[in-house]
Amino acid sequence: MYDERTLLKIGALEPLSATSEDECHEAVARFCSAIDSHSDLRSLVDMGSYDSFVSVFVYSPAEAVRRNSENGEVRVNYEGQLLFFHKLAPVVALGKGGWGESLRPDGTWSSRGYDQLDIENLVTLEQVLPDLRRSRIATALEKTTFALLSPAYLMQPAPSDFEPDERSIGEPPWDRLFHVYFQFCD
1 MYDERTLLKI GALEPLSATS EDECHEAVAR FCSAIDSHSD LRSLVDMGSY
51 DSFVSVFVYS PAEAVRRNSE NGEVRVNYEG QLLFFHKLAP VVALGKGGWG
101 ESLRPDGTWS SRGYDQLDIE NLVTLEQVLP DLRRSRIATA LEKTTFALLS
151 PAYLMQPAPS DFEPDERSIG EPPWDRLFHV YFQFCD
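Residue numbers (full-length UniProt numbering): 1 to 186.
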């Protein structure tokens, strides 16, 4: 998709244009609006303000798994799809992922936890089930200018000169294109 020089620029956390981050947030807003227009699906954005990407979870509230704890809290887990919209380049990765929250007895939430996408969780759009959800995600992505990167592409070796500026996702070695694009920067 990008030549080695551009990949190294992305890996060094340099934007491809002066408006890259604004374009990312606009794409996320369009994507989420399209997803949330369906009564059976929801989107949840985890900004990760210092990361090179914005996480977007797509899930069905009806499929939530609830567990009661001894202290009266309820743990609710939502499984679905997780998309990483890159802040510096118009690309997105797709995988399996979810998020969860603990609710106090009064209904307010006390904590939230979010999955992170890693190489082993990457999927193609064709692997998203059920078909209706796949179709809705595809349609929502079409509302953006972002290109969906395939797992095969993201698993290719990173340029030999690449070293993450910060830390990447998952366990080292961080030596794949996935790690060039998606870095924690906290």
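The beta-carbon is built from N, C-alpha and C at its ideal position, and this holds for glycine as well.
Note that the structure is a prediction, hence the values are computed from the model and not measured.
>> Under DSSP, the alpha helix (DSSP H) around A158 begins and ends at which residues?
In response: No alpha helix (DSSP H) contains A158, which DSSP labels as neither H nor E.
Check your understanding: L16 and L88: beta carbons closer than 8 angstroms?
Key -> For L16 and L88, yes; Cβs fall inside 8 angstroms.
Can you look up E71 in the DSSP assignment and give me helix, strand or coil?
Correcting the residue identity first, residue 71 is Asn in this sequence and not Glu. If DSSP states are grouped into helix, strand and coil, N71 belongs with coil.
*What separation, rounded to the nearest whole angstrom, lies between the Cα atoms of K9 and A27?*
Between the C-alpha atoms of K9 and A27 there is a straight-line separation of about 21 angstroms.
What did DSSP end up calling residue 196 once you bin it into helix, strand or coil? What is shown of the chain runs 1 to 186, which leaves residue 196 out entirely.
message: DSSP three-state label for S111, please.
response: Under the three-state reduction of DSSP output, S111 falls in the strand class.
| message | Helix, strand or coil, according to DSSP, for E79 in the structure here? | response | Three-state result, E79: strand.
| query | Which same chain residues, not among the five before or five after D161, have their C-beta less than 7 angstroms away from its C-beta? | reply | Result list for D161: L8, in chain order.
Beta-carbon spacing of N71, G95 below 8 angstroms: Not a contact, by the Cβ cut-off of 8 angstroms.
- Message: Short of 7 angstroms in beta carbon distance, which residues of its chain neighbour F53, apart from the five on each side in sequence? Order them along the chain.
- Response: Result list for F53: F84, F85, H86, K87, F182, in chain order.
- Query: By how many angstroms is the C-alpha of S69 removed from the C-alpha of Y2?
  - Reply: Cα to Cα, Y2 sits roughly 49 angstroms from S69.
#### Entry: Residues near D46 by beta carbon distance below 6 angstroms, same chain, minus five either side
For D46, where only same-chain residues beyond five positions count, the Cβ hits under 6 angstroms are S55, Y114.
Check your understanding: Is it buried or exposed for W174, if we count other Cβ within 10 angstroms and need 16 for buried?
Key -> W174 is buried by the Cβ-count criterion.
(Q) Considering Cα atoms alone, identify which of E63, I35, V92 is closest to E79. (A) Of the candidates E63, I35, V92, the one whose C-alpha sits nearest the C-alpha of E79 is E63.
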